[in-house]
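In my numbering, the protein residues as written are 1039 to 2246. We put the beta carbon where it would ideally sit given N, CA and C, even for glycine. To start, the structure under review is shown below, and the notes come after it.
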């Protein structure tokens, strides 16, 4: 078979392989039928995009990793771009089959022009058209219709002009490899980009495509660096004092990034050991090699951009490469060394820095790939935070859940700078007479530099400085170099910030060269420092070097892994300026929000900073101290704009922070984002956030009396319905200056700043007229008064978290923290990932040796099993061995295989008196066995279960409440805590990490207003009704098997539906004698073909056929009623053998059983709904709530549950 015939058959196979989608869209089974049928839906996403990708792979032979898909970008980007646009100078874009391709010619030509390509392809299922750069219309010699090709491949038509055009297209567009000689020749022969840039050609850099290329190249360089590390790195590290220790500190810091809380003592102590270890050290080593490769790559990227604007001599491209390559004996490494030498003459701090990455010099094959792949990009036109996007992919490999700690998306950055007033030509400078003076801007934790890069872009693009205004261009450069200051503790993102800001400044340097001005030497204000060390009060020594930045820092604070590099000498004056207070016009940033629990070395570093002594507090978040620093650094009238986790506004440990901010700042705007994934990568899904994002805008000036903070809160993401993050931010910006109120899921309200007290959570979510705010006001007044008898809950109750074993099971997380020797010991003992250790399934606890020692087993409910008043019979057992008790020998023997793991738990390591077999935090046995109320520590809404017998002893995942006195009224307390009234209070005054989520931490629960029973008969009524409602929940539980979603509905007694019976589940409950298979069912006629039978399709009231692709495999005919049921049972899924499916012998009996079950469940749900409202009204009455507010509390509960009341 010829190559062209093979390609034609491959095309046929692609088109025939989508029969399922043809059927779904137009109810036909093949390609020809699809084109003939009329459709009412666009097919771009379901058909034309994936088929075009299949043609690229299977017809044109592109490997899947050799092209870049950019689907769904709304006409902004082509769908498919080859990685090598030199060998394949074209892009491809799919359109819907009901659209004319000619209408999209301007769009495809724009793509071709922007990327300086030769060809563009438009495609739908009717035709493929090729457009040549600089011409009009499509090229008929390379364009073709698909139907004649499909028919020719099937033998239904003769080969004709369409086949000839198809063959020419395949020859022109087929995948081809380029050898090294051709790559070098291409780079040698290419003309300079700067001539085209200066000529004003509409060139553009596709940042998304560039980042994809950079990601691939980073891995190429990382592999190259790893291969040379044994030779170069180990030699380099021994050539100067301190290098190896500096490297070891960075590796340990990286280990904490990858595995927070890892025991530093378990990590390797030499570079050779790191390089040869497995497990966590191997991951760290790979991540370090990626850092090395990123820095090498981005320095090349920067030099190339400088070449494109003529800031440096052409060496790596742009015509200069050819001469340098010949002069240096065709050594690519020598060419790179010469280029970096020229770069050092312009910016020594980057190209001649002695850092942890400078040891690596790419070998020629890897370097050639970089130069070749960067060649098609006019880097002098970069106008976006390209390294920020690259940094996202790096962080992805560490921990995507913590993306927001490292990177702020560009739309958020732009929004924040807008709200801070750094916008427009009048907002970017301070004007004094005829001069533009720099505004002082400080980012205290730069990450990859997104805020400063966007601020610089505004200076370059939005200052309205003419390109020939030499004085103005110097003012712009001064604004960036002298006005912007950034601090970053980690060395890798610091260098990314430096390069990123230099990249953005390149276009400004190019304008200077174009104006025949040689740009002056300059040094950016970004520093590899701990910004927190700049707090006022820090002492200085050694000719002005701060003690925290001296080269002998390691002697001053031993084992501080967060001290990696001394500050560069040329930046010392910037550091000294930063140490002064009250000098910045704007402080902006995204401070790292990390808790102390798993970041001990970082907080030890913080505690070692002298200026923070007396201010630092335990169990706080790192971000608190950055906000305090920002207040100090702002000048009077300066603006603060920060994005943080919202938790500091209600956390008990943040009272000192709230006090300082409210006292020294005028709080202007607060934007709250609920559960919205603000940090989601546009290229893919982000994790559900565990905290709520908040943006605060404030001014350093005393708040005038009566000043109100404007709060703009996204309450209902679904109701808001914004298509993109940009659309949401644009709406919030409009609403911030508009009227207060609720609209499209956004709530705008004002809070008087003088009412924000430091000792209680700020009521940021609610306006004063909202039900939660009125509930809080009433209950706080009740606390302050005598009637009714209301007190803090801590007066009568103890609140604590459950048992913490420290090792429930052997997880990947635990495995990563262990040394190689400990992992080997566990492996030899037969221990595998997932094995239970101190938390045993109920089935295992009944066996030896555990069943012989019930006194050492704690029965703990599963998280999903905690209901209103009741606990689902789904539980595990915790093994609890306490200090001071002689543990049973057989239990110790059973735990012995896990000893390497158990003895490395943080609490055991911390206290030498602890035994390796003890539970980490066993809690008081007396309290655990007492009557209690149990809640999940974190949940979407409080559900408090009742344990009056003390049989449940929950784990750390739960919060427990027990009485301080015997016979405490736990059933009554359960009714109070489950009430909507107290849930509304907790939603304002409790710990709320995000939107509807609550953390039931002891500190805030202790502050709940508790209404003592004091002999009130209504309290007894509440207790009795709680027991009745708990029993109602338990009766409902067995029905979960046959009622869809009942497992969720039963958790909230305010819900009374919907009740949807799962008919197949009812059928499965029928005795075998009352069921019959399709094979034996006399009501049905069967025609059964080859298995599997595939998907069902209803061809008529009495016909159900089955198909696999275009082939019918089975047919069942007969009475429509059993066919209806059979279709319901099967759904849209394929079936292996339809004859084995069972149906009821008596359809009416099945329907009767389903109706009866539905009625039973509806009755139980209605009864639960009645009981919960009766309890709620009693609770409100006990607290003295008015009838009007009580009705509103009940209405709030009904609305929250998403159902109307039964009466409606």
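Reference residue i; option with closest CA among the options
i, options, result
"residue 1180", "1625, 1201 and 2167", "1201"
"residue 1446", "1937, 1391, 1740 and 1489", "1489"
"residue 2013", "1945, 2073 and 2091", "2091"
"residue 1785", "2017, 1417 and 1757", "1757"
"residue 1227", "1149, 1168, 1396 and 1353", "1353"
"residue 1103", "1192, 1045, 2132 and 1213", "1213"
"residue 2189", "2159, 1942, 1792 and 2213", "2159"
"residue 1935", "1994, 1949 and 1868", "1868"
"residue 2049", "2231, 1106, 1168 and 1816", "1816"
"residue 1219", "2169, 1044, 1148 and 1406", "1406"
"residue 1938", "1926, 1880 and 1875", "1875"
"residue 2147", "1145, 1733, 1958 and 2135", "2135"
Where residue i sits in the DSSP three-state scheme
i, result
"residue 2038", "coil"
"residue 1044", "helix"
"residue 1679", "strand"
"residue 2136", "strand"
"residue 1510", "helix"
"residue 1835", "strand"
"residue 1082", "helix"
"residue 1198", "coil"
"residue 1281", "helix"
"residue 2162", "helix"
"residue 1075", "coil"
"residue 1166", "strand"
"residue 1822", "helix"
"residue 1049", "helix"
"residue 2066", "helix"
Whether residue i touches residue j by CB criterion (8 Å)
i, j, result
"residue 1511", "residue 1539", "no"
"residue 1675", "residue 1738", "yes"
"residue 1707", "residue 1680", "no"
"residue 2151", "residue 2127", "yes"
"residue 1570", "residue 1640", "no"
"residue 1730", "residue 1683", "yes"
"residue 1877", "residue 1846", "yes"
"residue 1163", "residue 1072", "yes"
"residue 2104", "residue 2080", "yes"
"residue 1495", "residue 1814", "no"
"residue 1516", "residue 1557", "no"
"residue 1981", "residue 1904", "yes"
Beta-carbon contacts of residue i that lie in its chain and below 8 Å, excluding the five residues immediately before and after
i, result
"residue 2299", "An answer regarding residue 2299 cannot be provided, because it is not within the stretch 1039 to 2246 covered by the chain."
"residue 1462", "1500"
"residue 1178", "1203"
Bridge partner(s) assigned by DSSP for residue i
i, result
"residue 1996", "1974"
"residue 1779", "1786"
"residue 1470", "1473"
"residue 1746", "1790"
"residue 2099", "2081"
"residue 1959", "1842"
"residue 2154", "2124 and 2142"
"residue 1690", "Looking at the DSSP assignment, residue 1690 forms no beta bridge with any residue, so it has no partner."
"residue 1653", "DSSP output for residue 1653 lists no bridge partner at all."
"residue 2115", "2180"
"residue 1829", "2048"
"residue 1565", "1525"
Cβ-based neighbour list, residue i, same chain, cut-off 7 Å, excluding 5 preceding and 5 following
i, result
"residue 1137", "1162"
"residue 1649", "1573, 1574, 1575 and 1576"
Same chain only: Cβ atoms within 6 Å of residue i, ignoring 5 sequence neighbours per side
i, result
"residue 1115", "1108"
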